[in-house]
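**Student:**
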Amino acid sequence: VVLSKGSEPPTESANPTGDEFWESLQVPPDMNGEKIQGKFGASVSMNSDGTRMVIGSPGVVGNIVDQSIQRGIVSVYDRTEEGWTKVQDIPLTAREDEITFKPMREVRSDLVVDISRDGNKIAVGAPFHDALNQTDIGQVEVFSHDGGKWKANGAPLTGKRNGELFGASVSLSKDGLMLAIGMPGKGEDGKQSGAASVYLFNDGNWDRLGAQDIVGGSKGQMLGGSVSLSSDGFTVAVGSSATSASTNTEVANAYEFKGGNWKELGT
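Under full-length UniProt numbering, the letters of the sequence shown match residues 1 to 267, in that order.
1) Given residue 228, which residues of its chain have a CB within under 6 Å of its CB, disregarding the five upstream and five downstream residues?
2) With the cut-off set at 8 Å, would you say residue 141 and residue 113 are in Cβ contact?
3) Check the C-beta distance from residue 223 over to residue 196 and give it rounded, since I have them as a contact under 8 Å.
4) With H, G and I counted as helix, E and B as strand and the rest as coil, what does DSSP make of residue 82?
5) What is the rounded straight-line gap between the Cα of residue 156 and the Cα of residue 139?
6) How should residue 116 be labelled, buried or exposed, when 16 other C-beta atoms within 10 angstroms of its C-beta is the threshold for buried?
7) Identify the residues that DSSP records as bridge partners of residue 141: which are they?
8) Where are the beta strand (DSSP E) runs, 3 residues long or more, that stay fully inside the stretch 197-232, in chain order?
9) Can you give me the Cβ contacts of residue 258 inside the same chain, cut-off strictly under 8 Å, excluding the 5 residues immediately before and after it?
10) Among 49, 51 and 72, whose alpha-carbon lies nearest the alpha-carbon of residue 43?
11) Could you give the distance in angstroms between the alpha-carbon of residue 143 and the alpha-carbon of residue 220?
12) So is residue 91 buried or exposed if we call it buried at 16+ other beta carbons inside 10 Å?
13) Could you spell out where the beta strand (DSSP E) holding residue 191 opens and where it closes?
14) Of the residues 136, 130 and 152, which one's Cα is nearest the Cα of residue 121?
15) What is the DSSP secondary structure of residue 149, counted as helix, strand or coil?
16) Starting from residue 264 and walking both ways along the beta strand (DSSP E), at which residues does that stretch end?
17) Rounding to the nearest angstrom, what Cα-Cα distance links residue 185 and residue 119 in this structure?
18) Could you please give the first and the last residue of the uninterrupted beta strand (DSSP E) stretch that includes residue 56?
19) Thinking just about the alpha-carbon of each residue, which of 169, 82 and 262 is nearest to the one in residue 45?
20) Would you report the Cα separation of residue 173 and residue 266, rounded to the nearest angstrom?
21) What three-state label does DSSP hand residue 135 in the structure shown?
22) Please classify residue 110: is it buried, with 16 or more other beta-carbons within 10 angstroms of its beta-carbon, or exposed?
23) Is it buried or exposed for residue 136, if we count other Cβ within 10 angstroms and need 16 for buried?
24) Determine the direct distance from the alpha carbon of residue 58 to that of residue 194, and round the result to whole angstroms.
25) Could you say which of 192, 179, 158 and 191 lies nearest to residue 231 if we only look at CA atoms?
26) Nearest CA to the CA of residue 163: which residue from 175, 187, 260 and 87?
27) Taking only the alpha-carbon atoms, compute the straight-line gap between residue 167 and residue 82 and give it to the nearest angstrom.
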């Protein structure tokens, strides 16, 4: 359900003052004329003027070996005078070797999405993505709007180690050429101190900005559970997704890129 400011209530009694009100705009959960049974709406994001929306459906199946694999899709909707019109369903990258490690074949048991403010780039994080002999390393893909179609914008970015949860959070700059990625599961020896990185799209590739990741400072902090990138991409807020069992449960820091590195603001 999308809420939009309206001026005409469904009934006179619903808006006796005549003030603006919030009306709901239903987005039909269908794909190719059939209802999606795939956690439609698990994540959503909208561009700055509210004319384009992206919706993640992590539980949608795909056919690599069989129809039980949760490959996941991202759906793009544009707002027209008639309402919300689906532009394209974007299937996410998955390979045959990924399905061997999930007992329930949930290659995409979670998805997070973000759309750039201009509406021309989409980032998709799949923190429970598997690779050969590695589980839950995570993956992030970026798509760009090119000639009416959404296409991959560079190769997918993936985590390095088991349980890293790379892509648990994603955030794009205004033009979509810079990307912040959270990886709350990262840490030596399973300490899950967490981390975040910012990437710059350069000559067809996503290059990490800065010599090192932004890293958590204590065991179980799980820094990177949330990220938010400024319009120009050179300031980022990073939050923790730690549980009450960790030694540091309340963390949110802002960092600025200066002199080739990320420096915490306010210290």
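Ideal Cβ placement from N, Cα and C applies to all residues, glycine included.
**Tutor:** Concretely, from the data shown:
1) The answer, listed in chain order, is 171 and 237.
2) Residue 113 is positioned such that its CB atom lies no closer than 8 Å to that of residue 141.
3) Between residue 196 and residue 223 the Cβ distance is about 7 Å, and since that is below 8 Å, they are a contact.
4) DSSP, reduced to helix, strand and coil, places residue 82 outside both helices and strands of the structure shown, so it counts as coil.
5) Residue 156 and residue 139: Cα-Cα distance of roughly 7 Å.
6) Around the beta-carbon of residue 116, 16 or more other beta-carbon atoms lie within 10 Å, marking it buried.
7) Answer is 124.
8) The DSSP assignment places 205-208 and 223-229 as complete runs of the beta strand (DSSP E) inside the stretch 197-232, in order along the chain (cut-off: 3 residues).
9) Around residue 258: no qualifying Cβ.
10) That would be 72, whose Cα lies nearest to the Cα of residue 43.
11) Across the structure, residue 143 and residue 220 are spaced so that their CA atoms are roughly 32 Å apart.
12) The residue is exposed, with fewer than 16 neighbouring Cβ atoms inside 10 Å.
13) Neither: residue 191 is in no beta strand (DSSP E) and is coded neither H nor E.
14) Of 136, 130 and 152, the residue nearest in Cα terms is 152.
15) Note: residue 149 maps to strand in three-state DSSP.
16) Its beta strand (DSSP E) spans residues 261-264.
17) About 30 Å.
18) Unbroken beta strand (DSSP E) run through residue 56: 52-57.
19) For residue 45, the nearest C-alpha among the options comes from 169.
20) Straight-line Cα distance between these residues: approximately 22 Å.
21) The answer is coil: DSSP assigns residue 135 none of H, G, I, E or B.
22) It is buried - the Cβ of residue 110 has at least 16 other Cβ atoms within 10 Å.
23) Only buried fits residue 136, as 16 or more other CB atoms lie within 10 angstroms of its CB.
24) In a straight line, the C-alpha of residue 194 is about 23 Å away from that of residue 58.
25) From the listed residues 192, 179, 158 and 191, the smallest Cα separation to residue 231 is found for 179.
26) Residue 187 is the option with its Cα nearest to residue 163.
27) C-alpha of residue 167 to C-alpha of residue 82: approximately 35 Å in a straight line.
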